[in-house]
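Undergrad:
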DNA sequence: TCAGAGTGCGCC
DNA sequence: AAACGGCGCACGCTGA
């Protein structure tokens, strides 16, 4: 099954199957001396709320792999195992989040430190589209072909020797991967540029893993009846928009008579058909993209109706109809999957359902509620990306503004319009937001124009967009220089980028300039939020607070109402401490709210 | 008929 | 010369 001269330890991996408490006691004693162990589990399925552990595999160097047939060990006899896993032995896992969740559900929560080979490999390959399966790692790092056919076998029946052999190998191989990955993570540390701490980034991820695992187990509570009422309203609004759309289309049909086959068979969800219909009504569009339609909405009611319809049907399809399907039958809560290295920048990604993209609309967010007797405590970093830009670029004016606690958007508005700060209008400030957020990643004038219109409702001519762009970089010369520095790297053909914390992103091909501008910022934001989660996980021990969601620069907790004040203090402290480590001397501002729901606005 | 690329848009 | 980045999901459409 496995042939390798290089890894004699993996040739004929021997194992010891434990089926009684007595055997377990002896086996655990034999493992006690080792400072590291490979840990893996086989389960009856993938859901830690409904499926259960079947086998726990523990590998230590130079010993048979211990395979614990957990159902054979009476729950009252699992104390020793629980104590064993709670010891500070280094646990080497592959996708340890999964094992952590099942072990935790079984009352066998493993304690740090962890070394997760999957996270480690992603830290090394961030930005590349590499597979992260154990099979791939075995192949690339050990030159071994791993047979995973047993992975999907039936683990609820009596175990076959193939299953046992497979299970033992999965744990044993972790011990071989570990030193290789450590060496790779450390190698980058010795490069001359300094501050290259890939091992530290990997350890940040390892420390974050239990917080993420627990966050998934905790899930979020949706007020279903409120949600359904909202859904009904959205649906009727959508249908109203659709009706308007069809009436308006008929009204415009004088021009459409050339294409009679289109008049009543247009699918409003088809960009192709909509584009053809708009063009045949002599509306000057080259695509039906939002950015092209928004400026026309003022002049054409049909476009307004189309945009309204699209918005509402988007929310209906992606959220209103789908979220209730994700309510877990056992917990009654929504448990998405978070991938802590899901984004190339180091950010989390989240799916099933995508809680990171829930509409901001208060009507939507107030449906996400704290459990009875509990409050939601949520906090987000104020303008974290702009503060990071101020920190990285060293731009004097930005730094001064932040240190004096000024409103950077107002400042930008004043600088680009030439007005005094006191005369800056609300619209000027919205314009400035578009400018600040857009231009820091190198947006061009054309995009700035449509971005300001679409996202901030500010209409600009192309000339104005060009002029504002020019003035922005004159006003923030440090930002312009920072861009120039990165541009030089870009021209040199550099293929990787680092955050201040050392996180690296790689490119297989030539990166785009904007990607090189973005990664140090978005990546550091991820570093900071993850550090905050790690700090938080420590201080929340013993409290009633639960981590329930994180959205890039925001952290949501749920806790008994009586604790809310204390918990919000802890959350604030952790987030500020995490950001301060990298942003100093730029001040860190965290906005914190305690409320009954995600949308509530109390405190 | 079904996988997959493309379009479009929700969030930060 | 010019260039915002990072996601996941639903949908219509294409081509084998």
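Residue numbers (our numbering): 1303 to 1905. We put the CB at the ideal spot given by N, CA and C, even for glycine. Quantities reported herein were computed from a predicted structural model and do not represent experimental measurements.
Alpha helix (DSSP H) containing residue 1582: first to last residue?
TA: Along the first chain, read from residue 1 onward, the residue named residue 1582 stands at position 280. Its alpha helix (DSSP H) spans residues 1573 to 1582.
Undergrad: For the region 1666 to 1677 against the region 1838 to 1845, do three or more pairs of beta-carbon atoms, one drawn from each stretch, fall closer than 8 Å, so that the two count as touching?
TA: Cβ pair count under 8 Å is below three, so no.
Undergrad: Suppose only complete runs of 3+ residues qualify. What are the beta strand (DSSP E) ranges in the region 1619 to 1665, listed by chain order?
TA: For the region 1619 to 1665, whole beta strand (DSSP E) runs of length 3 or above, ordered along the chain, are 1639 to 1641, 1651 to 1653.
Undergrad: At which residues does the beta strand (DSSP E) containing residue 1856 begin and terminate?
TA: On the first chain, residue 1856 is found 554 positions in, with the first residue counted as 1. Residues 1856 to 1862.
Undergrad: Using the C-alpha atoms, what's the distance from residue 1868 back to residue 1736?
TA: Along the first chain, read from residue 1 onward, the residue named residue 1736 stands at position 434. Along the first chain, read from residue 1 onward, the residue named residue 1868 stands at position 566. Distance between the alpha carbons of residue 1736 and residue 1868 is about 36 Å.
Undergrad: What is the DSSP secondary structure of residue 1886, reduced to helix, strand or coil?
TA: For the purposes of this step, residue 1886 is taken as residue 584 along the first chain, with counting starting at 1. Of the three classes helix, strand and coil, the one that applies to residue 1886 here is coil, per DSSP.
Undergrad: Can you give the Cα-Cα distance for residue 1482 and residue 1513, rounded to whole angstroms?
TA: Here the question's residue 1482 lines up with position 180 in the first chain. Here the question's residue 1513 lines up with position 211 in the first chain. Approximately 26 Å between the Cα atoms of the pair.
Undergrad: Work out the CA separation of residue 1616 and residue 1707 for me, nearest whole Å.
TA: In the first chain, the residue the question calls residue 1707 occupies position 405. In the first chain, the residue the question calls residue 1616 occupies position 314. If I take the Cα positions, the gap works out to 39 Å.
Undergrad: Could you check where the alpha helix (DSSP H) with residue 1894 kicks off and where it finishes?
TA: Locating residue 1894 in the first chain gives position 592, counting from the first residue. That residue, residue 1894, is in no alpha helix (DSSP H); its beta strand (DSSP E) goes 1892 to 1897.
Undergrad: Bridge partners of residue 1416, per DSSP?
TA: Taking the first chain and counting its residues from 1, one reaches residue 1416 at position 114. DSSP, once it has assigned bridges, lists 1393 as partnering residue 1416.
Undergrad: Compare the C-alpha of residue 1329 against each of 1627, 1370, 1471, 1648 and name the closest.
TA: Stepping through the first chain from its first residue, residue 1329 is reached at position 27. When each option's Cα is compared against that of residue 1329, the closest is 1370.
Undergrad: Are residue 1717 and residue 1611 closer than 8 Å when you measure CB to CB?
TA: Mapped onto the first chain, residue 1717 falls at position 415. Mapped onto the first chain, residue 1611 falls at position 309. Contact flag unset, no.
Undergrad: Quick check: the Cα distance between residue 1599 and residue 1749, rounded to an integer number of angstroms?
TA: For this step, residue 1599 is matched to residue 297 along the first chain. For this step, residue 1749 is matched to residue 447 along the first chain. When rounded, the distance between both Cα atoms is 18 Å.
Undergrad: Mark residue 1683 as exposed unless 16 or more other C-beta atoms lie within 10 angstroms of its C-beta, in which case mark it buried.
TA: The count along the first chain starts at 1 and reaches residue 1683 at position 381. With 16 or more other Cβ atoms within 10 Å, it is buried.
Undergrad: Use the C-beta contact count for residue 1817: other C-beta atoms within 10 angstroms, 16 or more gives buried, fewer gives exposed.
TA: For the purposes of this step, residue 1817 is taken as the residue at position 515 of the first chain. Residue 1817 comes out buried.
Undergrad: For the ligand NAD, is there a heavy atom less than 7 Å away from the beta-carbon of residue 1538?
TA: The ligand NAD is absent from the structure shown, which contains no ligand whatsoever.
Undergrad: Check whether the region 1339 to 1351 and the region 1404 to 1417 are in contact - that is, three or more C-beta pairs closer than 8 Å.
TA: Result yes; three or more Cβ-Cβ pairs closer than 8 Å.
Undergrad: For residue 1592, which of 1583, 1398, 1433, 1606 has the nearest alpha-carbon?
TA: Mapped onto the first chain, residue 1592 falls at position 290. Measuring from the Cα of residue 1592, the nearest candidate turns out to be 1606.
Undergrad: If you count every other CB in all the chains shown that lies within 10 Å of the CB of residue 1636, and 16 or more means buried, which is it?
TA: Here residue 1636 refers to the residue found at position 334 of the first chain. Answer is buried; the Cβ neighbour count reaches 16.
Undergrad: Take the Cβ of residue 1825 as the centre, count every other Cβ of all protein chains shown within 10 Å, and call the residue buried at 16 or more, exposed below.
TA: For this step, residue 1825 is matched to residue 523 along the first chain. Residue 1825 is buried by the Cβ-count criterion.
Undergrad: Can you give the Cα-Cα distance for residue 1849 and residue 1780, rounded to whole angstroms?
TA: Indexing the first chain from 1 puts residue 1849 at position 547. Indexing the first chain from 1 puts residue 1780 at position 478. Rounded to the nearest angstrom, the two C-alpha atoms are 38 Å apart.
Undergrad: Assess contact between the region 1423 to 1432 and the region 1520 to 1531, defined as three or more Cβ pairs (one per stretch) separated by less than 8 Å. Is contact present?
TA: Taking 8 Å as the limit for Cβ pairs, the verdict is that the region 1520 to 1531 does not touch the region 1423 to 1432.
Undergrad: Between which residues of its own chain and residue 1827 is the CB-CB distance below 7 Å, once the five residues before and five after are set aside?
TA: Position 525 of the first chain, counting from 1, holds the residue named residue 1827. So the list reads 1686, 1687, 1690, 1854, 1855, once near-sequence residues are dropped.
Undergrad: Report the rounded CA-to-CA distance for residue 1626 versus residue 1896, giving the unit in angstroms.
TA: To locate residue 1626, count along the first chain from 1; it is residue 324. To locate residue 1896, count along the first chain from 1; it is residue 594. Cα to Cα, the separation comes out at about 25 Å.
Undergrad: By DSSP's criteria, residue 1671 is part of a beta bridge. Which residues make up the other side?
TA: Reading the first chain from its first residue, position 369 is the one you call residue 1671. According to DSSP, which records beta bridges pairwise, residue 1671 is partnered with 1523, 1899.
Undergrad: Quick check for students: name the residue ranges of the beta strand (DSSP E) that lie wholly in the region 1740 to 1775, counting only runs of 3 or more.
TA: Those beta strand (DSSP E) runs which fall completely within the region 1740 to 1775 and span 3+ residues do not exist here.
Undergrad: With respect to the beta strand (DSSP E) encompassing residue 1318, which residues constitute its N-terminal and C-terminal limits?
TA: As a position in the first chain, residue 1318 is number 16, starting the count at 1. Residue 1318 -> beta strand (DSSP E) spans 1317 to 1320.
Undergrad: Between which two residues does the alpha helix (DSSP H) containing residue 1778 stretch?
TA: What you label residue 1778 is simply residue 476 of the first chain in a count that begins at 1. Looking at the DSSP string, residue 1778 is not in any alpha helix (DSSP H), and its letter there is neither H nor E.
Undergrad: For residue 1886, count neighbouring C-beta atoms within 10 Å of its own C-beta (all shown protein chains included) and say buried if the count is 16 or more, exposed if not.
TA: Within the first chain, residue 1886 is the residue found at index 584, counting from 1. The residue in question, residue 1886, is exposed, as its Cβ has fewer than 16 Cβ neighbours within 10 Å.
Undergrad: Given this structure, state the Cα-to-Cα distance separating residue 1746 from residue 1771, to the nearest angstrom.
TA: Here residue 1746 corresponds to residue number 444 of the first chain, with the count starting at 1. Here residue 1771 corresponds to residue number 469 of the first chain, with the count starting at 1. Taking the straight line from one Cα to the other gives about 8 Å.
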